[in-house]
Amino acid sequence: MNIKSRLMALGLTGALLTGGVFIATQEGQVNGTYIDPAGIITACFGHTSAALQNGMSFTEAQCLDSNA
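When you line the sequence shown up against mature numbering (1 follows the signal peptide of the UniProt record, and there is no 0), it's residues -23 to -1, 1 to 45, in that order.
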């Protein structure tokens, strides 16, 4: 792997880690589903999915897994 590829990989890794921290602090954690301001069913740290249904609940570990 040349230096250019290594630097690109390092930059991408940094961006992904920063994005995860930003999302967690801005979204907050709700261990269940809720309707966000846009009207979308959302869970945990802002996770959205067609599989989510109103009234679902999640453990902290499940929320962390959905954010990974």
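We put the CB at the ideal spot given by N, CA and C, even for glycine.
Every value quoted in this text rests on a predicted model; they were computed, and no experiment measured them.
Among residues of its own chain, excluding the 5 on either side of residue i, which ones have a beta-carbon nearer than 7 angstroms to its beta-carbon?
i: Asn34; result: Checking the sequence, you will find Ser at residue 34 rather than Asn. Cβ neighbours of Ser34 beyond the five flanking positions: Asn8, Gly9.
i: Tyr11; result: Thr19
Between which two residues does the beta strand (DSSP E) harbouring residue i extend?
i: Ala20; result: 18 to 21
Would you list the residues sitting across from residue i in a DSSP beta bridge?
i: Ile12; result: Ile18
Candidates the options: which alpha carbon is nearest residue i's?
i: Thr25; options: Met(-16), Ile17, Gly5; result: Ile17
i: Asn31; options: Asp42, Lys(-20), Leu(-14), Asp13; result: Asp13
Assuming residue i and residue j are in contact, meaning their beta carbons sit under 8 angstroms apart, how far apart are those beta carbons, in whole angstroms?
i: Phe22; j: Gln39; result: Rounded, the Cβ-Cβ distance is 11 angstroms, inconsistent with contact.
Ordered along the chain, which non-local residues of its own chain (more than five positions away) have a Cβ less than 6 angstroms from that of residue i?
i: Leu29; result: Thr10, Ile18, Ala20
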